[in-house]
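Undergrad:
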Amino acid sequence: MWETKYEKSAGLTDSKLSYCPGCTHGIVHKLVAEVLVELGILDRSIAIASVGCSVFSYQFFNCDAQQSPHGRACALATGVKRVLPENIVFTYQGDGDLASIGIAETIHAANRGENITVIFMNNAIYGMTGGQMAPTSLIGQRTTTSQDGRDVAHHGNPIKISEMFSTIEGVAYLERVAAYDPKHVINAKRAIKKAFQYQMENKGFTMVEIVATCPVNWGLKPVDAMKWSKEAMEPVFPLGVFKDKGAK
Numbered sequence: 143m144w145e146t147k148y149e150k151s152a153g154l155t156d157s158k159l160s161y162c163p164g165c166t167h168g169i170v171h172k173l174v175a176e177v178l179v180e181l182g183i184l185d186r187s188i189a190i191a192s193v194g195c196s197v198f199s200y201q202f203f204n205c206d207a208q209q210s211p212h213g214r215a216c217a218l219a220t221g222v223k224r225v226l227p228e229n230i231v232f233t234y235q236g237d238g239d240l241a242s243i244g245i246a247e248t249i250h251a252a253n254r255g256e257n258i259t260v261i262f263m264n265n266a267i268y269g270m271t272g273g274q275m276a277p278t279s280l281i282g283q284r285t286t287t288s289q290d291g292r293d294v295a296h297h298g299n300p301i302k303i304s305e306m307f308s309t310i311e312g313v314a315y316l317e318r319v320a321a322y323d324p325k326h327v328i329n330a331k332r333a334i335k336k337a338f339q340y341q342m343e344n345k346g347f348t349m350v351e352i353v354a355t356c357p358v359n360w361g362l363k364p365v366d367a368m369k370w371s372k373e374a375m376e377p378v379f380p381l382g383v384f385k386d387k388g389a390k
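If you use the numbering used here, the sequence shown closes out at 390, no skipped numbers anywhere.
(1) Taking the CB atoms as reference points, tell me whether Gly236 and Asn359 lie closer together than 8 Å.
(2) Taking 8 Å as the cut-off, decide whether the C-beta atoms of Lys372 and Tyr322 are in contact.
(3) Reducing DSSP to helix, strand and coil, say where Tyr340 ends up.
(4) Return the bridge partner residues of Phe232 from the DSSP annotation.
(5) Which residue comes first and which comes last in the alpha helix (DSSP H) that contains Asn206?
(6) Going by the CB atoms, is the gap between Thr355 and Asn264 shorter than 8 Å?
(7) Grab me the residues of Val313's own chain with a C-beta within less than 6 Å of its C-beta, minus the 5 sequence neighbours each way, in chain order.
(8) Run through DSSP, which three-state label would Gly388 get?
(9) Look at Ala241 and Thr278 and say whether their C-beta atoms are less than 8 Å apart.
(10) Would you list the one or two residues that DSSP bridges to Phe203?
(11) Rounded to whole angstroms, what's the CA-CA distance from Gly244 to Glu176? Just pull it up for me.
(12) Per the DSSP calculation, Tyr315 is bridged to which residue(s)?
(13) In the DSSP assignment, find the alpha helix (DSSP H) that holds Arg224 and state where it starts and stops.
(14) Return the residue from the list Arg214, Ser210, Ile230 that minimises the CA-CA distance to Leu181.
(15) Output the distance between the C-alpha atoms of Arg318 and Val383, rounded to the nearest integer angstrom.
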């Protein structure tokens, strides 16, 4: 007699994911979906899709969703949450969207302590638009707009969003995680669940930053991309909890 051991989360639609092999967007989508179901909040959750590789995330999350202009996800989320305060509102954003064009909207939402959750995918590059240098690109990293590698004198240093946001009073919870192996995927899910739980408890702005991959624009095979995210990105973007107002 057959017994089902695993099945697709009810938090995801039947649409096939459009992400490239080795991209961690699919993994994180799965984690968010599972958390929404496990917390019993799927039917009152509203996703805010950003512009970038995650632009079609509203097709994958099995809940209500809105599409925001580039970088304005937190501004839109603020409006939705204030009109519908009993709903769970979250944004899903990449580093080009959040750390570049949307940095002002995100900082001010955090500073106001908006009771929303931000899922921040940091893969150190602009994924959807051709692999340009992002605010989070590493020193020496070659991109289509830094073909000799990112140079501090010309481009500055990578922006460390979690470290920056940890100084903002309105932030209730902030953690940086990874998804390159099962151990870290499990920890990422724990962090995502905690962020949503804090929103349910009206504690304020929560964000989980995920050190992500982009095999195509990095020019790496999927397995090598996972290795690069650990060996190259993690030293620059160390994992850990940067703020937790609910911790004892």
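The beta-carbon is built from N, C-alpha and C at its ideal position, and this holds for glycine as well.
Please read all numbers here as calculations on a predicted model, not as lab measurements.
TA: The answer reads as follows:
(1) Start at 1 with the first residue of the sequence shown, and residue 236 comes out as number 94. Start at 1 with the first residue of the sequence shown, and residue 359 comes out as number 217. Taking 8 Å as the Cβ cut-off, Gly236 and Asn359 do not qualify as a contacting pair.
(2) Walking along the sequence shown from the start, residue 372 turns up at place 230. Walking along the sequence shown from the start, residue 322 turns up at place 180. Cβ atoms of Lys372 and Tyr322: closer than 8 Å.
(3) Looking up residue 340 in the sequence shown gives position 198. Collapsing the DSSP output to three states places Tyr340 in a helix.
(4) Along the sequence shown, one-based indexing puts residue 232 at 90. Bridge partners of Phe232: Ala189, Thr259.
(5) As a first step, residue 206 must be located in the sequence shown, where it is residue number 64. Sequence check: residue 206 is Asp here, not Asn. Segment 206–209 is the beta strand (DSSP E) holding Asp206; no alpha helix (DSSP H) there.
(6) By one-based count along the sequence shown, residue 264 stands at place 122. By one-based count along the sequence shown, residue 355 stands at place 213. Taking 8 Å as the cut-off, the Cβ atoms of Asn264 and Thr355 do not count as close.
(7) What you label residue 313 is simply residue 171 of the sequence shown in a count that begins at 1. Cβ neighbours of Val313 beyond the five flanking positions: Ala252, Phe307, Phe347, Lys385.
(8) The residue labelled residue 388 in the question sits at position 246 within the sequence shown. Here Gly388 sits in coil by DSSP.
(9) For this step, residue 241 is matched to residue 99 along the sequence shown. For this step, residue 278 is matched to residue 136 along the sequence shown. In this structure, the beta-carbon distance from Ala241 to Thr278 falls below 8 Å.
(10) Against the sequence shown, residue 203 aligns to sequence position 61. For Phe203, which the question treats as bridged, DSSP gives the partners Leu154.
(11) For the purposes of this step, residue 244 is taken as the residue at position 102 of the sequence shown. For the purposes of this step, residue 176 is taken as the residue at position 34 of the sequence shown. In a straight line, the C-alpha of Gly244 is about 27 Å away from that of Glu176.
(12) Within the sequence shown, numbered from 1, the residue matching residue 315 stands at position 173. Note: Tyr315 sits in a beta bridge opposite Thr348, Asp386.
(13) Position 82 of the sequence shown, counted from the first residue, corresponds to residue 224. In the DSSP assignment, Arg224 falls within the unbroken alpha helix (DSSP H) covering 215–225.
(14) What you label residue 181 is simply residue 39 of the sequence shown in a count that begins at 1. Nearest to Leu181 by C-alpha distance, out of Arg214, Ser210, Ile230, is Ile230.
(15) Residue mapping note: residue 318 aligns to position 176 of the sequence shown, counting from 1. Residue mapping note: residue 383 aligns to position 241 of the sequence shown, counting from 1. Straight across, the Cα-Cα distance linking Arg318 with Val383 is about 6 Å.
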